[in-house]
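Working notes for the structure below.
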Amino acid sequence: MCGIVGYVGYRKASPLLLKGLKNLEYRGYDSAGIATCHAQSCIEVRKGIGKVEEIEKKLNFESLDGDMGIAHTRWATHGAVTDRNAHPHTDSTGKIAIVHNGIIENYGELKEELIEKGHEFRSETDSEVIAHLIEENIAYGFEDACMSAFNRLKGSYAILAIKEGEDKIIGIRKDSPLVVGIAEHGTFFASDIPSFLEWTKNVMYLYNYDIVIAGKEGIRVYNEGLEVSRPIDTVEWDIEQAKKGEFGHFMMKEISEQAETVMKAIKQDRAVVSAIVEEMKNAFGIFFVGCGSSYHASLAGSYFFSKEVKMHVNPVLASEFENYEHFLTDKTLVFAVSQSGETADVLEAVRVAKGRGSRVIGITNVLGSSLTMEGDASLLMHSGPEICVLSTKTYTSQVVLMNLLAHALVNRYEEYMADVKSLYLGIYNLTSRTMREHLEELAKELVEEEHIYLIGRGLQYATALEAALKIKEVSYIHAEAFAGGELKHGPLALIEEGTPVIAFTARDNCNKILSNMHEVKARGGWIVGVSAKESDLFDYWVKVPEAGALNPIVQIIPIQILAYELAVLRGVDPDKPRNLAKSVTVT
Ligand code: F6R
450 MCGIVGYVGY
460 RKASPLLLKG
470 LKNLEYRGYD
480 SAGIATCHAQ
490 SCIEVRKGIG
500 KVEEIEKKLN
510 FESLDGDMGI
520 AHTRWATHGA
530 VTDRNAHPHT
540 DSTGKIAIVH
550 NGIIENYGEL
560 KEELIEKGHE
570 FRSETDSEVI
580 AHLIEENIAY
590 GFEDACMSAF
600 NRLKGSYAIL
610 AIKEGEDKII
620 GIRKDSPLVV
630 GIAEHGTFFA
640 SDIPSFLEWT
650 KNVMYLYNYD
660 IVIAGKEGIR
670 VYNEGLEVSR
680 PIDTVEWDIE
690 QAKKGEFGHF
700 MMKEISEQAE
710 TVMKAIKQDR
720 AVVSAIVEEM
730 KNAFGIFFVG
740 CGSSYHASLA
750 GSYFFSKEVK
760 MHVNPVLASE
770 FENYEHFLTD
780 KTLVFAVSQS
790 GETADVLEAV
800 RVAKGRGSRV
810 IGITNVLGSS
820 LTMEGDASLL
830 MHSGPEICVL
840 STKTYTSQVV
850 LMNLLAHALV
860 NRYEEYMADV
870 KSLYLGIYNL
880 TSRTMREHLE
890 ELAKELVEEE
900 HIYLIGRGLQ
910 YATALEAALK
920 IKEVSYIHAE
930 AFAGGELKHG
940 PLALIEEGTP
950 VIAFTARDNC
960 NKILSNMHEV
970 KARGGWIVGV
980 SAKESDLFDY
990 WVKVPEAGAL
1000 NPIVQIIPIQ
1010 ILAYELAVLR
1020 GVDPDKPRNL
1030 AKSVTVT
């Protein structure tokens, strides 16, 4: 949930670290800090609570000297949001500093042991034990001390450590993301590529337990005590993609990119798609596993496979997947769906599946993520970096990919390509100024509401769930989705005069959802229709094209915009809603 960044090289570290932190802030934003030093000078640590920009004003990070440093932006797990609990943490002498992303599960026993040995702790975090463990063995040298400290840790971690008098950064990853960026003037470490994209596109992806020692003279990587080599790839992502440009927020920028990202998602290697399709044909049991929006895309996927292919796939929330363990065999195929490729619940599901001998295919946006390393194969979304905490463009890309697999299975690949391409203008128009103004008006109608309900059937039920998630997480208005048919089984009791209900309708199930709208209307509900055709039942109409199997794309975009406008009207930063983080690396 946190973001870490490190730099060692020939430039002053603090401005690079500060920029890196800002680019990583979507991973956590309750506190942040930087530690820098020259090989010959003392370590200086500055840290505090708040967003990076606020802390920077108070602490002037950029004035920190040194050509080497580590930095951290936090999303609290162990210990409250306080200055002391912010990273970096130091050992008792203040000569060793670390930043950590993940959870040290055995920190309680390690802390007790270290306190008995005389170490004084300053924070309530699990992470601080790492600095003290390194200190404990420092007599054997910085590298060996780090290696033996890392050996004692249980849990998930990406760690960077520096020490006064040493001109190197030592990093390790296990079940938490860490990538290395190789620039002409130095080496970067970061939880995610956008952090250093401005300086280099050359990236080294790391495996679990890789220990990286980087200094001005180069990099060494060790795994299980042996020196190993890791290839350096060039990423296709562009720095412009990681900037807001003309937009006020990343959320709106990313929503507006969807005409392009949907087109990029269909540009897949045919051989890879064919291989996956063959695996699907031969599988005995197929699961789609994801969290949040990725789960909603999986649910939409299950409808595609049922309708287009007559094939049963099981969409399962990743955090619930272990309950299905008994159905997994070496014939089962599991699709792990995750934008970040780092969601702990998804990775846990991957391990459960692999433990049973099942094949795992990742559907992800991030090459080099844990999912691409741990899965047997991957299908990449090619959406470019998604910085806003909310999934928008990557949700629609996931939907595109699942639909693509379904169509490929019934030999309608080319037809599907043509259908998607013909939707370009339709998607583009959905993000036009006119549409935004129309949705801003709707947001003004809804901004004071405490509850918004959403209904749909079939594919539109998956859209309703995703739409409810978008509204609630960014506007903090309670939004809840129901399958239209379920209304009469309880939720109708919630409808009274003026209760807003957003209804998604489509050609294939129009009559049934119209009946549901009548039920709502009869109780005084205020209906917003998201559909291609107008109806007398609508109090507000959001017109979208009728797109058949691609309806989940055209119907979610207006609600993404509505959620954004609600957030802005309610004074919420849409890129960083409270209590949330982009990559949820804890289970
Ligand atoms: C919602 C949202 C989250 C993510 C979920 C899974 O807008 O962003 O619900 O969809 O945390 O994240 P990934 O796809 O990275 O596994």
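To get the working numbering, take the position in the sequence shown, counting from 1, and add 449.
Where is the CB? At the ideal position from N, CA and C, for every residue including glycine.
Computed from a predicted model, the values in this text were never measured in an experiment.
In three-state DSSP terms, what is residue i?
i, result
"G997", "helix"
"M760", "coil"
"H927", "strand"
"N672", "strand"
"K544", "coil"
"I1010", "helix"
"E569", "coil"
"P834", "coil"
"E946", "coil"
"Y459", "coil"
"A525", "coil"
"C595", "helix"
"V721", "helix"
"F417", "Residue 417 cannot be examined here, being either before or after the span of the chain that is shown, 450 to 1036."
"Y658", "coil"
"E715", "One detail in the question is off: residue 715 reads as Ile in this sequence, not Glu. I715: coil per DSSP, three-state reduction."
"T813", "strand"
"C486", "strand"
"K560", "helix"
"F733", "coil"
"I435", "The question about residue 435 has no answer, for the chain in this structure spans 450 to 1036."
"K507", "helix"
"V501", "helix"
"F784", "strand"
"V969", "helix"
"R808", "strand"
"L820", "helix"
"H536", "coil"
Nearest to residue i by CA position, among the options, is which residue?
i, options, result
"F931", "A917, E922 and N586", "A917"
"Y671", "S964, N657 and V684", "N657"
"S924", "L602, E898, I492 and S964", "E898"
"E771", "G739, H927 and I564", "G739"
"V1003", "R861, E695, A481 and F953", "F953"
"S541", "M517, V661, T531 and N586", "N586"
"V758", "E727, H775, R972 and V859", "V859"
"A520", "S640, R719 and S751", "S640"
"D687", "E647, Q717, A911 and A708", "E647"
"I735", "I553, A714, P764 and K716", "P764"
"K870", "R476, L853, S964 and L766", "L853"
"V629", "G933, F638 and S787", "F638"
"A481", "G458, C491 and V530", "V530"
"A971", "A981, L936, Y456 and A588", "L936"
"E995", "P643, E968, A981 and A749", "A981"
Check whether the Cβ atoms of residue i and residue j lie closer than 9 Å to each other.
i, j, result
"T845", "N814", "no"
"S723", "A546", "no"
"K500", "A535", "no"
"D957", "I976", "no"
"H527", "H538", "no"
"Y744", "A767", "yes"
"V809", "D794", "no"
"D779", "R805", "yes"
"L627", "I483", "no"
"A607", "I583", "no"
"I951", "I704", "no"
"V711", "F737", "no"
In terms of DSSP beta bridges, what is residue i paired with?
i, result
"D682", "V652"
"G933", "DSSP output for G933 lists no bridge partner at all."
"N550", "A607"
"S742", "Answer is none; S742 lacks a bridge partner."
"F953", "V979"
"M517", "V457 and C486"
"S1032", "Paired residue(s): none; S1032 is not in a bridge."
"T843", "Answer is none; T843 lacks a bridge partner."
"G905", "A932"
"E493", "T485"
"Y989", "V977"
"A632", "G635"
"K617", "G664"
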